[in-house]
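Asks:
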Amino acid sequence: MRIVTITSGKGGVGKSTLAANIAYMLSKFGYKVALFDADLGLANQDILLNVQPKYSLYDIITQKVSLEDALVRIEQNLYLIPGDHRYEAADMEPHQIRTIIQNLIEALEGFDFLLIDTGAGIGSSVQELIKAATDVVVVTLPEPPAVMDAYVTLKYAQMINKRSGLVVNGAKNEKEAKKIYNRLIEVLREYGKCDTEFLGYVQRSPVVTEATKKRLLISKEFEYSGVSSQIASIAKRLIGSLKKSGEPIKEEPSLTLFFKRLLHQI
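Here the sequence shown stands for residues -18 to 247, numbered as in my numbering.
(1) Can you give me the start and stop residues for the beta strand (DSSP E) that residue -16 sits inside?
(2) Going by DSSP, which residues form a beta bridge with residue 19?
(3) On the DSSP letters alone, give me the boundaries of the alpha helix (DSSP H) that residue 110 sits inside.
(4) Apart from the five residues just before and just after residue 131, which ones in its own chain have a Cβ nearer than 8 Å to its Cβ?
(5) Mapping DSSP to helix, strand and coil, what is residue 206?
(6) Taking only three categories from DSSP, how would you classify residue -6?
(7) So, does the region 6 to 24 touch the region 91 to 99, judging by three or more C-beta pairs under 8 Å?
(8) What residues in its chain sit with their C-beta under 8 Å from that of residue 171, if we drop five residues either side in the sequence?
(9) Evaluate contact between the region 71 to 87 and the region 42 to 60, counting only Cβ atoms and requiring at least three cross-stretch pairs below 8 Å.
(10) With a CB to CB cut of under 6 Å and the five nearest residues on each side skipped, what residues in its chain are close to residue 104?
(11) Check the C-beta distance from residue 199 over to residue 2 and give it rounded, since I have them as a contact under 8 Å.
(12) Run the CB neighbour count on residue 187, radius 10 Å, all protein chains shown included, and call it buried at 16 or more, exposed below.
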């Protein structure tokens, strides 16, 4: 199972929305995916996915329920591990996070992906979630504060030898997104080898605002929009990056069929 931690540094960059939609896309490609809402104390994937979990992360930690019982089925091949809205969850110790991840790995046997949606910042809890990952996806906006925080996060991932990728959200176009990527890579290479990949970008669009307000998945309800196509490309590049690294990723015919169908509609 591949563990992909999706993080950002700065809050408000659209990380959680992207995480939900990437998870959905991977599930549509035929992979079995679990999305872990690890924004401790400030969980919102249940809101984005328009579900009401019976149990929370706090219930799992306190052993009120098993992890298997807390899993929420969203779609075929897609499950949510709910977070928590209580402040107690925000004070989780690093060793507790390590235990949760280990329990997840054991409980999710047969899954292809565990996607971890972290909170903002680069505090100890986020660091533990990055350490637990096989791959790290950093999301940024084309704004100086967000880019600076993305740099700090990527530098940390580089320091602990994690394979990483960058997604630029809210970019005008691919040219602007790649300019930001190239600038970050140039600085990161001053500190040694850097193999951060450009995973893609998502344009600013009213579709994103509408989907968020109505608690809809862009990739599902606006399947043939430009934004959905861009998110599909990000998911495809993520799979390609894993295959290039030599990691075992099963081939799914549904991936080819999906893109053929998508291209037919353009």
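Each residue gets a CB set at the ideal place from its N, CA and C atoms; glycine is no exception.
Replies: From the atom records:
(1) Sequence index remark: in the sequence shown, residue -16 carries index 3 (1-based). From DSSP, the beta strand (DSSP E) with residue -16 extends over -17 to -12.
(2) Within the sequence shown, the letter at position 38 stands for residue 19. In DSSP, residue 19 forms a bridge with 99.
(3) Within the sequence shown, numbered from 1, the residue matching residue 110 stands at position 129. Following the DSSP letters along the chain, one finds residue 110 inside the alpha helix (DSSP H) bounded by residues 105 to 112.
(4) One-based indexing of the sequence shown puts residue 131 at position 150. When the five nearest sequence neighbours on each side are left out, the beta carbons in the same chain lying within less than 8 Å of the beta carbon of residue 131 are those of -11, -10, -9, 119, 120, 121, 147, 165, in order along the chain.
(5) The residue labelled residue 206 in the question sits at position 225 within the sequence shown. Assigned with DSSP and collapsed to three states, residue 206 falls in coil, not helix or strand.
(6) Working through the sequence shown from its first residue, we reach residue -6 at position 13. Reduced to three states, the DSSP call for residue -6 is coil.
(7) The region 6 to 24 is in contact with the region 91 to 99.
(8) In the sequence shown, residue 171 corresponds to position 190, counting from 1. For residue 171, where only same-chain residues beyond five positions count, there are no Cβ hits under 8 Å.
(9) Contact holds: three or more Cβ-Cβ distances are below 8 Å.
(10) Residue mapping note: residue 104 aligns to position 123 of the sequence shown, counting from 1. Within the same chain, residue 104 has no close Cβ partners at all.
(11) Here residue 199 is taken as the residue at index 218 of the sequence shown, counted from 1. Here residue 2 is taken as the residue at index 21 of the sequence shown, counted from 1. Cβ atoms of residue 199 and residue 2 come within 8 Å of each other, at about 5 Å.
(12) Taking the first residue of the sequence shown as position 1, residue 187 is located at position 206. Exposed, because fewer than 16 other Cβ atoms sit within 10 Å of the Cβ of residue 187.
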